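Residue numbers for the sequence shown follow this note's numbering, beginning at 8 and rising by one.
By construction, the Cβ of each residue, glycine as well, lies at the ideal position given by its N, Cα and C atoms.
All of these numbers come straight from a predicted model, not from anything done at the bench.
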Amino acid sequence: METTEMMKKMTNSCEVLNDILREPKKYEESERKYHKIEENDRMYKMHELYNLCEEFVK
Numbered sequence: 008m009e010t011t012e013m014m015k016k017m018t019n020s021c022e023v024l025n026d027i028l029r030e031p032k033k034y035e036e037s038e039r040k041y042h043k044i045e046e047n048d049r050m051y052k053m054h055e056l057y058n059l060c061e062e063f064v065k
């Protein structure tokens, strides 16, 4: 993964953290998805977390 792509993902993740404070209902949905990913042992990669954050922003 290129540095610029990683920076974009990190920025997106920060935006999500900010948005979570404003949209608690949307956060609940993302939380369920996070736990599902975690249960499937896929959370060992930060990439999965970044993808979840990108999905949240949509």
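Cα-Cα separation, residue i to residue j
i   : j   : result
H42 : C60 : 14 Å
E46 : D26 : 25 Å
R29 : E9  : 31 Å
Closer than 7 Å: residue i CB and nearest the ligand PLP heavy atom
i   : result
K15 : The model depicted lacks the ligand PLP and carries no ligand whatsoever.
Reduced DSSP category for residue i - H, G, I as helix; E, B as strand; rest coil
i   : result
E9  : coil
N47 : coil
E30 : coil
Burial state of residue i, where buried means 16 or more other Cβ atoms lie within 10 Å
i   : result
V23 : buried
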